[in-house]
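Notes to accompany the following structure.
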Amino acid sequence: MLQRSTLIALVLASATPALAQTTDWSLAKRVEIGLSNYAFTPKELHLQHGVPYVLHFTNSASKSHDFAAPKFFAATTIAPDDKAKVVKGSVELDENQTTDVKLIANTPGTYDVTCTHFMHEMLGMSGKVVVE
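For the sequence shown, the numbering used here begins at 1 and goes up steadily by one.
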């Protein structure tokens, strides 16, 4: 039997392509997310479900990092133009790179975030996305 949250996510996923197409992304709330040497800023991100956001990622480090949150991204509607920026639930940024990802968080919950590069999580690159 499917869990309630899984069922809700499936129902929303079937309706979300139209939602992404009709959303006025110019009205989306901008959220700054910093990636530096072994840290995410903020460490815990709070979003409201059903609200459009522009996640503005900035990697200020001298090496590449990623913002890996596969379960979070799976529970969102990503703007069609930004889908290619999220690969296997992760946004990869080279040194000193920035990128924006427009999305709507569909399912409330707490989602883990890590940097999947060798030992980066162990050195402190972990956090949470809380969708309320």
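Just so it is clear, CB atoms sit at the ideal spot from N, CA and C, and this is done for glycine as well.
Bear in mind the structure is a predicted one, so any value in this text is a computation, not a measurement.
Cβ shell of residue i (< 7 Å), same chain only, five flanking positions each side left out
{"i": "THR114", "result": "ALA68, GLU121, MET125 and SER126"}
Whole-angstrom distance between residue j and residue i, CA atom to CA atom
{"i": "ASP94", "j": "GLY34", "result": "13 Å"}
{"i": "THR116", "j": "ALA74", "result": "17 Å"}
heavy atom of the ligand MG below 7 Å from residue i C-beta
{"i": "THR114", "result": "Of the ligands one can find in the structure shown there are none, so the ligand MG has no counterpart to examine."}
Per-residue DSSP class, three states only, for residue i
{"i": "LYS128", "result": "strand"}
{"i": "SER26", "result": "helix"}
{"i": "PHE118", "result": "coil"}
{"i": "ASP94", "result": "coil"}
{"i": "LYS102", "result": "strand"}
{"i": "ALA79", "result": "coil"}
Rounded Cβ spacing between residue i and residue j (contact assumed at less than 8 Å)
{"i": "VAL130", "j": "GLU44", "result": "6 Å"}
{"i": "ASP66", "j": "SER90", "result": "5 Å"}
Cβ-based neighbour list, residue i, same chain, cut-off 8 Å, excluding 5 preceding and 5 following
{"i": "LEU47", "result": "VAL31, TYR53, ALA105, VAL129, VAL130, VAL131 and GLU132"}
{"i": "VAL86", "result": "PHE73, ILE78 and VAL101"}
{"i": "TRP25", "result": "PRO52, VAL54, ALA79 and LYS102"}
Cut-off 6 Å between Cβ atoms - residues of its own chain near residue i, not counting five sequence neighbours on either side
{"i": "ASN37", "result": "ALA61"}
{"i": "THR98", "result": "THR58"}
Opening and closing residue of the beta strand (DSSP E) in which residue i lies
{"i": "PRO52", "result": "52-59"}
{"i": "HIS46", "result": "44-47"}
{"i": "THR41", "result": "39-41"}
Start and end residues, alpha helix (DSSP H) containing residue i
{"i": "ALA69", "result": "Where ALA69 is concerned, there is no enclosing alpha helix (DSSP H), given that its DSSP letter is neither H nor E."}
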